[in-house]
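Protein chains in written order, with the UniProt record's numbering: chain E, 1 to 212; chain G, 1 to 212. The structure appears below as structure tokens.
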DNA sequence: ACGATTGATGCAGTGACTGTAGTGTTGTGG
DNA sequence: CCACAACACTACAGTCACTGCATCAATCGT
């Protein structure tokens, strides 16, 4: 798994050069205004080479976000007897949130990356497109873990709710300009609300108009 | 709003011709294999005219799906004092589900349309991209209706959970080949699970291994 | 040393989508 | 009834993301 040859190192360097060049350009000119040709030029490789490293322009921004979700898969695969669905999904959600935390926020590119993710429609669309595959796997895993008590559509609703809540909360939190710690809190809060909305749902009512 | 002139009628006819031509081609050759030029040719208009009626090829499939979600907006705007968040969101969700039911399923194109929506990645991505806008509006509406008790990130988590659950359940149900009545049931079930997951979460555990 | 991989390249496409200038039909005010 | 404005539609040239293919050259296994 750890390729140590010179060939591999060169490849990694090219990859990193493309990421760096792309992000700098995205920051300076915006995502849509940046042409793939310009990214390749700035990284001093051919445009064709760009597509050896990334299937689409959007994937440069998405980066390793996909990998995080695979962590969630493992959580469900390790469902231990006696745990409720909420417990298992909660664990999966927290793994995803923490992994996002660890890999995205500390690095220098994190802020720009998250901002682009939250604000560029085509990047969002691409991320969701990839998310769909993982979501499907999560649903299957949950359903397979307890085929009799959790029907497939139920699994879909639960997993969809969890990921939908995480996604929406992350976007809103980022758009508000929250600092990393608040984003993290928002993600965990979203998990709680998605899996135990009675926390709010039962308690909160709209205030009676206070006459004025 | 009801334009009755001859000009307007011609326009509608062109629009319908494009939809019909497109759907027939999508069915015969598949979405990706169908060129916009072919759609335009089949409808006997120029390719440029196609883009006067649809911003993207994907939007032909999406059709009026967007309009349904606006019904949900109204439900939240009409939040009456004393109702819980769950009640309001539940009403919104049921409106969306019923509207989907009414506008999509009875028509002849419905089945193909839903199948394309559930199975074509680029169409999915485009739908979600549009959904994001409506989701943002729903979040704002919910937050504005009770700014003190429902913070923006909470509203995001709740709305995200609801739409995520509806989306995932719809896809899985369609992929299973469910008939319309089952899809409808899946949507309502998804609403219940998204807003009151304790229905399942508290009760369902993975069965203790039955000694094998 | 030598042949097999394989990362990078050049080039010629394809296909979705846009800008622009123009044409003909339809609605409208005098 | 006749300008005149509005607008659906058209023709055409262009942009840009992305792909297929043949080729080169550096690296790797033997």
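C-beta atoms are modelled at their ideal positions from N, C-alpha and C, and glycine is treated no differently.
Can you tell me whether residue i is helix, strand or coil according to DSSP?
i, result
"residue 14/G", "helix"
"residue 64/E", "coil"
"residue 120/E", "coil"
"residue 49/G", "helix"
"residue 84/G", "strand"
"residue 211/G", "Per-residue confidence for residue 211/G stands at a pLDDT of 41, beneath the threshold of 50, marking its modelled position as unreliable; no derived number is given."
"residue 44/E", "coil"
"residue 127/G", "helix"
"residue 156/E", "helix"
"residue 224/E", "An answer regarding residue 224/E cannot be provided, because it is not within the stretch 1 to 212 covered by chain E."
"residue 78/G", "coil"
"residue 196/G", "coil"
"residue 180/G", "helix"
"residue 136/E", "helix"
"residue 161/E", "helix"
"residue 72/E", "helix"
"residue 32/E", "coil"
"residue 100/E", "helix"
"residue 187/G", "helix"
"residue 5/E", "coil"
Report all residues from its chain with a CB closer than 6 Å to the CB of residue i; omit the five preceding and five following residues, and keep chain order.
i, result
"residue 184/G", "101"
"residue 53/E", "15 and 18"
"residue 133/G", "none"
"residue 21/G", "39, 42 and 43"
"residue 91/G", "75"
"residue 79/E", "88 and 145"
"residue 162/G", "89, 93 and 194"
"residue 120/E", "31"
"residue 203/G", "Caution applies to residue 203/G, whose pLDDT of 42 falls short of 50 and renders its modelled position unreliable; the value that the coordinates give is listed next. Nothing meets the Cβ criterion."
Looking only at its own chain, which residues have a Cβ that is under 8 Å from the Cβ of residue i, when we skip the five neighbours before and after it?
i, result
"residue 95/G", "71, 72, 74 and 75"
"residue 127/G", "58, 62, 65 and 117"
"residue 56/G", "126"
"residue 168/G", "190"
"residue 159/G", "89, 135, 138, 139 and 142"
"residue 196/G", "86"
By Cβ distance, which residues of its chain are closer than 7 Å to residue i, with the 5 residues on each side in sequence left out?
i, result
"residue 38/G", "25"
"residue 40/G", "46, 47, 49 and 50"
"residue 115/G", "174"
"residue 36/G", "47, 50 and 57"
"residue 211/E", "The predicted position of residue 211/E is uncertain, since its pLDDT is 41 and thus under 50; a value taken from the coordinates is nonetheless stated next. Contacts found: none."
"residue 23/E", "109 and 112"
"residue 156/G", "139"
Within 8 Å of any Cβ in chain G, is that where the Cβ of residue i sits?
i, result
"residue 173/E", "yes"
"residue 16/E", "no"
"residue 13/E", "no"
"residue 142/E", "no"
"residue 126/E", "yes"
"residue 33/E", "no"
"residue 72/E", "no"
"residue 69/E", "no"
"residue 154/E", "yes"
"residue 202/E", "Residue confidence is low: residue 202/E scores 46 on pLDDT, short of 50, so the model does not pin down where it sits. No coordinate-derived value is stated."
"residue 52/E", "no"
"residue 112/E", "no"
"residue 59/E", "no"
"residue 168/E", "yes"
"residue 210/E", "Note on residue 210/E: pLDDT 47, under 50, position unreliable in the model; no value is reported."
"residue 95/E", "no"
"residue 117/E", "no"
"residue 65/E", "no"
"residue 109/E", "no"
Within the 8 Å Cβ cut-off, does residue i reach chain E?
i, result
"residue 20/G", "no"
"residue 39/G", "no"
"residue 159/G", "yes"
"residue 121/G", "yes"
"residue 139/G", "yes"
"residue 190/G", "yes"
"residue 132/G", "yes"
"residue 164/G", "yes"
"residue 77/G", "no"
"residue 42/G", "no"
"residue 92/G", "no"
query = Do the region 7 to 14 of chain G and the region 184 to 197 of chain G meet, that is, are 3 or more Cβ pairs less than 8 Å apart?
reply = Touching, no, given that fewer than three Cβ pairs across the two stretches are closer than 8 Å.
Does the pairing of the region 172 to 184 of chain E with the region 138 to 145 of chain E give three or more beta-carbon distances under 8 Å? Cβ pair count under 8 Å is below three, so no.
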